[in-house]
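Novice:
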Amino acid sequence: MKKSNLKKKYIVKKKYKFYNTIEKDEIKSVSKVMKSGLLSPFLGSWSNIDKIGSFYGGIQVNRFEKHIEKFFSVKHAITVNSWTSGLIAAVGSLDIEPGDEIITSPWTMCATATAIVNWMAIPIFADIDPLTFNIDPKSIKSKISNKTKAIIVPDIFGQSANISEINKIAKKYNLKVISDSAQSMTAKHFGKFAGTQCDIGGFSFNYHKHMQTGEGGVLITNDDHLAERMRLIRNHGEAVVEDKKIKKINNIIGYNFRMGEIEAAIGIEQLKKINKIISKIQKKAKMLNEGLDGLKGLKIPYIDNGNSHVYYYYALQIDNKITNIHRDKIYKELIKENIPVFKNYSLLHLLPMYKNKIAFGKSGYPWKNSVYNKVIKYEKGICPVAEDLNFNKYIGLPMCNFDYTEADIKFIISKFKKIWKKFNLK
Ligand SMILES: *Cc1c(COP(=O)(O)O)cnc(C)c1O
Numbered sequence: 106m107k108k109s110n111l112k113k114k115y116i117v118k119k120k121y122k123f124y125n126t127i128e129k130d131e132i133k134s135v136s137k138v139m140k141s142g143l144l145s146p147f148l149g150s151w152s153n154i155d156k157i158g159s160f161y162g163g164i165q166v167n168r169f170e171k172h173i174e175k176f177f178s179v180k181h182a183i184t185v186n187s188w189t190s191g192l193i194a195a196v197g198s199l200d201i202e203p204g205d206e207i208i209t210s211p212w213t214m215c216a217t218a219t220a221i222v223n224w225m226a227i228p229i230f231a232d233i234d235p236l237t238f239n240i241d242p243k244s245i246k247s248k249i250s251n252k253t254k255a256i257i258v259p260d261i262f263g264q265s266a267n268i269s270e271i272n273k274i275a276k277k278y279n280l281k282v283i284s285d286s287a288q289s290m291t292a293k294h295f296g297k298f299a300g301t302q303c304d305i306g307g308f309s310f311n312y313h314k315h316m317q318t319g320e321g322g323v324l325i326t327n328d329d330h331l332a333e334r335m336r337l338i339r340n341h342g343e344a345v346v347e348d349k350k351i352k353k354i355n356n357i358i359g360y361n362f363r364m365g366e367i368e369a370a371i372g373i374e375q376l377k378k379i380n381k382i383i384s385k386i387q388k389k390a391k392m393l394n395e396g397l398d399g400l401k402g403l404k405i406p407y408i409d410n411g412n413s414h415v416y417y418y419y420a421l422q423i424d425n426k427i428t429n430i431h432r433d434k435i436y437k438e439l440i441k442e443n444i445p446v447f448k449n450y451s452l453l454h455l456l457p458m459y460k461n462k463i464a465f466g467k468s469g470y471p472w473k474n475s476v477y478n479k480v481i482k483y484e485k486g487i488c489p490v491a492e493d494l495n496f497n498k499y500i501g502l503p504m505c506n507f508d509y510t511e512a513d514i515k516f517i518i519s520k521f522k523k524i525w526k527k528f529n530l531k
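Count the sequence shown with my numbering and you get residues 106 to 531, in order.
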């Protein structure tokens with residue numbers, strides 16, 4: 106990002122230290138890889154014999170995958186060059202036909218839904234829960250049709266969606282479930298990790314996530330068949346199926362989604378300290394909770410039943426009915442006071458691509474094709490809870506963009522209090 110853009114995104118003048126978890130160990134591991142000269146020995150053809158190059162990638166990649174499998178107690182970890190790639194591979198691994206519908210949330214990063222469009226399937230947006238910002242199981246149920254094949258469940262802001270309820274629905278209607286846990290690595294739902302209670306889960310390792318490899322991501326699953334299909338999509342599957350004697354070749358359109366050795370080496374070191382990284386952030390969130398709880402009309406993050414929270418964002422809500430002052434006015438004051446908050450997250454159904462239904466070419470594919478003859482509307486009003494939060498209530502403080510010091514947190518709390526006093530909110 107150019108400097109001028111950075112300024113535009115964070116219109117605050119106070120300098121917060123940028124989030125940085127890279128330390129000596131990462132640098133040491135990366136130099137070792139650099140000295141070896143083997144930066145990515147992946148081969149885009151079927152070969153599992155050579156020690157140097159293989160269809161499954163290099164030494165660091167394989168080691169990192171083993172560590173992820175152990176950490177999350179899952180059968181397969183498949184690293185990828187971004188979680189966007191991971192989501193595309195995940196959707197492709199399912200038996201999706203053009204014109205099938207996949208339900209997801211509008212309140213997530215755009216890649217969650219783009220992964221669906223990528224396979225000519227149709228994203229159907231369910232509304233979110235007004236307290237957790239996560240997809241609402243009741244709304245999912247109301248959006249199921251005879252075309253529905255899967256649900257992509259984002260675990261947003263640092264806590265798991267209500268996956269136990271969603272799994273019940275999926276079972277009843279025979280739907281696959283993908284968890285997008287990019288923002289909730291190590292968060293738990295009734296004692297189990299987010300991303301592990303579904304067919305396919307996974308995480309992003311981009312610079313702004315809890316742990317990073319620069320760019321990168323990982324898919325996790327306990328399903329051998331889906332794992333094999335995702336590995337094929339990761340690495341030029343169409344050129345591999347014949348030699349690997351694979352008969353089921355639908356959607357094995359391969360990409361180069363491979364992770365390099367340098368990123369994997371960084372990931373191994375980052376994973377070792379993930380718990381430390383998370384508790385540091387949780388400590389800051391606790392300070393914020395103690396400082397902000399009780400301010401009139403301000404709701405601190407709600408933690409759902411059975412969940413732990415890893416606070417990718419510290420998501421607040423302003424109840425205008427109680428404050429009598431609109432969220433936007435309070436937001437403006439916060440920015441003036443150098444608090445790096447956001448007032449909108451995302452309403453995917455209102456993006457130009459969906460509103461105008463233009464993706465592949467100019468004539469409306471995949472919404473208009475020979476097998477899909479339904480008319481889906483993406484417009485204001487289809488997800489009223491998400492829209493109300495976005496336009497009237499939500500204020501979010503990113504926790505993985507800056508490494509707030511204790512003094513920063515105290516500063517943030519004091520500014521909230523100052524603004525509340527100014528508006529006479531007691
Ligand atoms: C970050 C993020 C992604 C995309 O991950 P990348 O590694 O940047 O491609 C997808 N979904 C959610 C919810 C995210 O937060």
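Where is the CB? At the ideal position from N, CA and C, for every residue including glycine.
Since Lys-281 sits in a beta bridge, which residues does DSSP pair it with?
Specialist: Per DSSP, Ala-255.
Novice: Do Ile-358 and Gly-342 count as a contact pair if the criterion is CB distance below 9 Å?
Specialist: Yes, these two residues count as a Cβ contact at 9 Å.
Novice: Which residue or residues does DSSP assign as beta-bridge partners of Ala-390?
Specialist: Answer is none; Ala-390 lacks a bridge partner.
Novice: Taking only the alpha-carbon atoms, compute the straight-line gap between Gly-469 and Leu-143 and give it to the nearest angstrom.
Specialist: Those two C-alpha atoms are separated by around 44 Å.
Novice: Is it the case that the CB of Asn-302 approaches a heavy atom of ligand 1 more closely than 8 Å?
Specialist: Correcting the residue identity first, residue 302 is Gln in this sequence and not Asn. No, the Cβ of Gln-302 stays beyond 8 Å of every heavy atom of ligand 1.
Novice: Tell me whether His-172 sits in a helix, a strand or coil according to DSSP, three-state version.
Specialist: helix
Novice: At what residue ranges does the stretch 410–473 contain a whole run of the beta strand (DSSP E), taking only runs of 3 or more?
Specialist: 418–423
Novice: Threshold first: 4 residues or longer. Then list the alpha helix (DSSP H) segments lying entirely within the stretch 315–363, N to C.
Specialist: 329–339
Novice: With distances taken from CA atoms, which of Lys-523, Lys-388, Met-392, Leu-456 is nearest Glu-438?
Specialist: Lys-523
Novice: Under the rule that 16 or more other beta-carbon atoms within 10 Å means buried, what is Val-480, buried or exposed?
Specialist: exposed
Novice: Report the residue from Gly-263, Asn-425, Ile-227 whose alpha carbon sits nearest the alpha carbon of Lys-248.
Specialist: If we check each option's Cα against that of Lys-248, Ile-227 comes out closest.
Novice: Which word fits Met-290, buried or exposed, when buried means at least 16 other C-beta atoms lie within 10 angstroms of its C-beta?
Specialist: buried
Novice: Going straight from the alpha carbon of Val-196 to that of Asp-329, what length do you get?
Specialist: Distance between the alpha carbons of Val-196 and Asp-329: 15 Å.
Novice: Applying the criterion that 16 or more other CB atoms from any shown protein chain within 10 Å of the CB defines a buried residue, is Met-335 buried or exposed?
Specialist: buried
Novice: Per DSSP, what kind of secondary structure is Lys-107 in: helix, strand or coil?
Specialist: Note on Lys-107: pLDDT 49, under 50, position unreliable in the model; the coordinate value appears next. Note: Lys-107 maps to coil in three-state DSSP.
Novice: Assuming Ser-198 is part of the alpha helix (DSSP H), what are its boundary residues?
Specialist: Its alpha helix (DSSP H) spans residues 188–198.
Novice: Kindly list the residues whose CB is nearer than 8 Å to the CB of Phe-123, restricted to its own chain and excluding five residues on each side of it in sequence; keep chain order.
Specialist: Asn-506, Phe-507, Asp-508
Novice: In the DSSP assignment, what residue or residues form a beta bridge with Phe-298?
Specialist: Lys-293
Novice: Considering only residues of the same chain and omitting the five flanking positions on each side of Phe-230, which have a CB-CB separation below 6 Å?
Specialist: Pro-211, His-454, Cys-488
Novice: When the Cα atoms are used, what is the spatial distance from Pro-406 to Tyr-419?
Specialist: 7 Å
Novice: With Glu-366 as the anchor, note down where its alpha helix (DSSP H) starts and where it stops.
Specialist: 366–377
Novice: Report yes if the C-beta of Ser-284 is less than 8 Å from at least one heavy atom of ligand 1; otherwise report no.
Specialist: no
Novice: Throw me the rounded Cβ distance for the Trp-188 and Gly-307 pair, which I believe falls under 8 Å.
Specialist: 6 Å
Novice: Based on the DSSP secondary-structure assignment, which residues constitute the bridge partners of Ser-159?
Specialist: Phe-147
Novice: Leu-502 by DSSP, collapsed to three states: which one?
Specialist: strand
Novice: For ligand 1, is there any heavy atom lying closer than 8 Å to the beta carbon of Gln-264?
Specialist: no
Novice: I'd like to confirm something about His-313: is its beta-carbon nearer than 8 Å to some heavy atom of ligand 3, or not?
Specialist: With respect to small molecules bound, the structure shown includes ligand 1 and not ligand 3.
Novice: Report the three-state DSSP secondary structure of Ile-249 (helix, strand or coil).
Specialist: coil
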